[in-house]
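This report refers to the structure that appears directly beneath it.
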Amino acid sequence: MRRLVLLLSSLLLAAPAVAQPPPDTLGAVRARGQLSCGVSTGVVGLSQPDARGEWRGLDADFCRAVAAAVLGDGAKVRFVPTTPQTRFTALQSGEVDLLSRNTTWSFARDVPIGLAFVGVIMHDGQGFITRRDLNLADARGLDGATICLQPGTTTELNLADWARSNNVRFTPVVIENFQEVTQAFFSGRCDAYTTDRSGLASIRAGQGPRANDYVILPDTIGAEPLGPLVRKGDWRWFDIARWTLNALVAAEEHGVTAVNVEDRARSDASPEVQRLLGRAGEFGRALGLDDAWAANAIRAVGNYGEVWQRNLAPIGLERGRDRLARDGGLMWSPPFR
Ligand SMILES: N[C@@H](CCC(=O)N[C@@H](CS)C(=O)NCC(=O)O)C(=O)O
């Protein structure tokens, strides 16, 4: 009897929080003819529909790169908007095949909830935006302030840790909807708004001519390595997502671009470029894909540097730690060999 109880309780402990879909994501995506990709509800530069309803941004382009690697066509993506609160369930339940949405890689999201980060697409950090006329030199000046933020984020947790360790008192204004929380800040309901620096640049740029009325404080209070996630238990799919990200970075390292990828595939003598572009090594086959998988991804969105410039330079972000390692940054690809 005791053994039975032990067995039952260990089974219960092992049970995942949400029923897992069968672990053949590649097969499911092929059968559907479309990648279902979880994005945000709309953050300019990361994932946001443009005036024509086309999703734009670094994270949206990563969805396209994976669709191109898997299906040969970067347009075969269904973008599924998720909030900070709904994103993990969307992936766990199988509603999306991939979550590509400014999500910070942390222990609690990598280990206990059945999800796995495939790498870092952006090395971000948490900051604050305030009105310029508050004349704050740094975030400690926020003592006694009201601070707007979204729940279900690392933002919320970092702010609490930072305030406690710095003896800063604040009143949080916690609003789930992104448009509403941004609106609350810009209408003066909060003295500051806190999120990832990319998010701050994005909402500030959205103010157009009024952008200069707001300043992003110099402090960075939390490390926010942002990356795409998949479900644990489907290693082939994990490899596809991880190596698509690596392929975009490797392409930049080797000067392969959306425009020159065909020529480079045809005529580049470098063995590493030959392997990357599917002319040697049969790496595509090892992933269950066409050998042109990486070339297709690069053709669809460009290399990592092209994706970064197109989406993040316009909102005024410096490439900083997202430069290639050879240029002093943190981005590099393991070898294609
Ligand atoms: N990186 C942080 C924050 C991510 C986050 O959700 N940020 C907000 C503010 S930029 C966001 O994406 N909002 C858009 C939305 O709710 O769709 C995390 O992973 O928790």
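Numbering (my numbering), first residue to last: 155 to 491.
Cβ atoms here follow ideal geometry from the backbone N, Cα and C, with glycine treated the same way.
Note that the structure is predicted; figures quoted are calculated from it, not measured.
Work out the CA separation of E378 and V410 for me, nearest whole Å. The residue you call residue 410 lines up with position 256 of the sequence shown. The residue you call residue 378 lines up with position 224 of the sequence shown. Spanning the two alpha carbons is a distance of roughly 28 Å.
Per-residue burial, E330 [other beta carbons within 10 Å of its own, 16 or more giving buried]: Here residue 330 is taken as the residue at index 176 of the sequence shown, counted from 1. With fewer than 16 Cβ atoms within 10 Å of its Cβ, E330 is classed as exposed.
Is the region 297-307 close to the region 339-348, with three or more CB pairs under 8 Å? yes
May I ask you to report which of helix, strand or coil DSSP gives M485? Position 331 of the sequence shown holds residue 485. Three-state result, M485: strand.
Residue nearest to G474 in terms of C-alpha spacing, selected from M485, P468, D373 and R286: The residue labelled residue 474 in the question sits at position 320 within the sequence shown. Closest option to G474, Cα to Cα, is M485.
Between the alpha carbons of G376 and Q463, how many angstroms are there, rounded? Translated into the one-based positions of the sequence shown, residue 376 becomes position 222. Translated into the one-based positions of the sequence shown, residue 463 becomes position 309. In a straight line, the C-alpha of G376 is about 24 Å away from that of Q463.
From the DSSP output, in three-state form, read off D278 for me. Locating residue 278 in the sequence shown gives position 124, where the first residue counts as 1. Here D278 sits in strand by DSSP.
In chain order, what residues of the same chain lie with their CB nearer than 8 Å to the CB of W309, ignoring the 5 residues before and after it? The residue labelled residue 309 in the question sits at position 155 within the sequence shown. Checking the sequence, you will find Thr at residue 309 rather than Trp. Cβ within range, chain order: Q280, L303, T348, T349, D350 and G376.
Counting C-beta neighbours from all protein chains within 10 Å, is the total for S254 16 or more, i.e. buried, or is it exposed? Position 100 of the sequence shown holds residue 254. It counts as buried.
Rounded to whole angstroms, what's the CA-CA distance from D213 to A423? Just pull it up for me. As a first step, residue 213 is located in the sequence shown; it is residue number 59 there, counting from the start. As a first step, residue 423 is located in the sequence shown; it is residue number 269 there, counting from the start. Approximately 32 Å between the Cα atoms of the pair.
Give the DSSP-derived three-state secondary structure of G211 in the structure shown. Taking the first residue of the sequence shown as position 1, residue 211 is located at position 57. Of the three classes helix, strand and coil, the one that applies to G211 here is coil, per DSSP.
Grab me the residues of L290's own chain with a C-beta within less than 6 Å of its C-beta, minus the 5 sequence neighbours each way, in chain order. As a working note, residue 290 is residue 136 in the sequence shown. Result list for L290: T284, in chain order.
DSSP state of T236 mapped onto helix, strand, coil: Working through the sequence shown from its first residue, we reach residue 236 at position 82. T236 falls in the coil class under three-state DSSP.
When you measure from the CB of N256 to every non-hydrogen atom of ligand 1, does any distance come out below 7 Å? Counted from its first residue, the sequence shown places residue 256 at position 102. For ligand 1, at least one heavy atom lies less than 7 Å from the Cβ of N256.
Within its chain, find whatever has a CB closer than 8 Å to the CB of V234; leave out the 5 residues flanking it on each side and keep chain order. Reading the sequence shown from its first residue, position 80 is the one you call residue 234. For V234, where only same-chain residues beyond five positions count, the Cβ hits under 8 Å are S190, C191, G192, V193, A244, E249 and V250.
Contact test: P488 Cβ vs ligand 1 heavy atom, cutoff 7 Å: As a first step, residue 488 must be located in the sequence shown, where it is residue number 334. No.
Specify, as a first and last residue, the run of the beta strand (DSSP E) that L354 falls within. For the purposes of this step, residue 354 is taken as residue 200 along the sequence shown, with counting starting at 1. Element bounds for L354: not the beta strand (DSSP E) but the alpha helix (DSSP H), R351 to A359.
I'd like the list of long-range same chain contacts for F339, defined as Cβ closer than 6 Å, with 5 residues on each side in sequence excluded. The residue given as residue 339 occupies position 185 in the sequence shown. Here the set comprises C302 and Y347.
Can you list the beta strand (DSSP E) stretches of 3 or more residues lying completely in the region 241-307, in chain order? 269-271, 276-285 and 299-303
Who are the Cβ neighbours of A221 in its own chain at under 7 Å, not counting the five residues just before and after it? Along the sequence shown, one-based indexing puts residue 221 at 67. Here the set comprises L189, D227, G228, K230 and V231.
Buried or exposed: where does V413 fall if 16 or more other Cβ atoms within 10 Å of its Cβ makes it buried? Indexing the sequence shown from 1 puts residue 413 at position 259. V413 comes out exposed.
Measuring alpha carbon to alpha carbon, tell me which of A454, L296 and T236 ends up nearest Q202. As a working mapping, residue 202 is identified with position 48 in the sequence shown. For the residues A454, L296 and T236, the minimum Cα distance to Q202 belongs to T236.
Please name the residue, chosen from V327, G342 and F282, that lies closest to I370 on a Cα-to-Cα basis. For the purposes of this step, residue 370 is identified with residue 216 of the sequence shown, where counting begins at 1. When each option's Cα is compared against that of I370, the closest is F282.
Strictly under 8 Å for the Cβ-Cβ distance: is R318 near chain C by that measure? This model lacks chain C altogether, as it is built from one protein chain only.
E330 by DSSP, collapsed to three states: which one? Position 176 of the sequence shown, counted from the start, is the residue given in the question as residue 330. Reduced to three states, the DSSP call for E330 is coil.
Is any non-hydrogen atom of ligand 1 found closer than 7 Å to the C-beta of F332, if you look at the structure I gave you? If you number the sequence shown from 1, residue 332 lands on position 178. The answer is yes for F332.
So, using beta-carbon positions, are L443 and V224 closer together than 8 Å? For the purposes of this step, residue 443 is taken as the residue at position 289 of the sequence shown. For the purposes of this step, residue 224 is taken as the residue at position 70 of the sequence shown. Result yes, Cβ atoms of L443 and V224 sit closer than 8 Å.
Starting from the Cα of W209, find the closest Cα among G381, N465, A185 and F490 and give me that residue. Here residue 209 is taken as the residue at index 55 of the sequence shown, counted from 1. Selected option, being the one with the closest Cα: N465.
Keeping to the same chain, check which residues put their C-beta closer than 8 Å to that of G353; ignore five residues upstream and five downstream. Position 199 of the sequence shown holds residue 353. Hits under 8 Å: V197, L200 and N256.
Proximity below 8 Å, CB of L399 to CB of V415: Counted from its first residue, the sequence shown places residue 399 at position 245. Counted from its first residue, the sequence shown places residue 415 at position 261. Their beta carbons are not under 8 Å apart, which means L399 does not touch V415 by this criterion.
Quick one: is the Cβ of V197 within less than 7 Å of any heavy atom of ligand 1? In the sequence shown, counting from the first residue as 1, residue 197 sits at position 43. Flag set: Cβ of V197 near ligand 1.
State the start and end residues of the unbroken alpha helix (DSSP H) segment that holds S421. For the purposes of this step, residue 421 is taken as residue 267 along the sequence shown, with counting starting at 1. V415 to S421 is the span of the alpha helix (DSSP H), which, as asked, contains S421.
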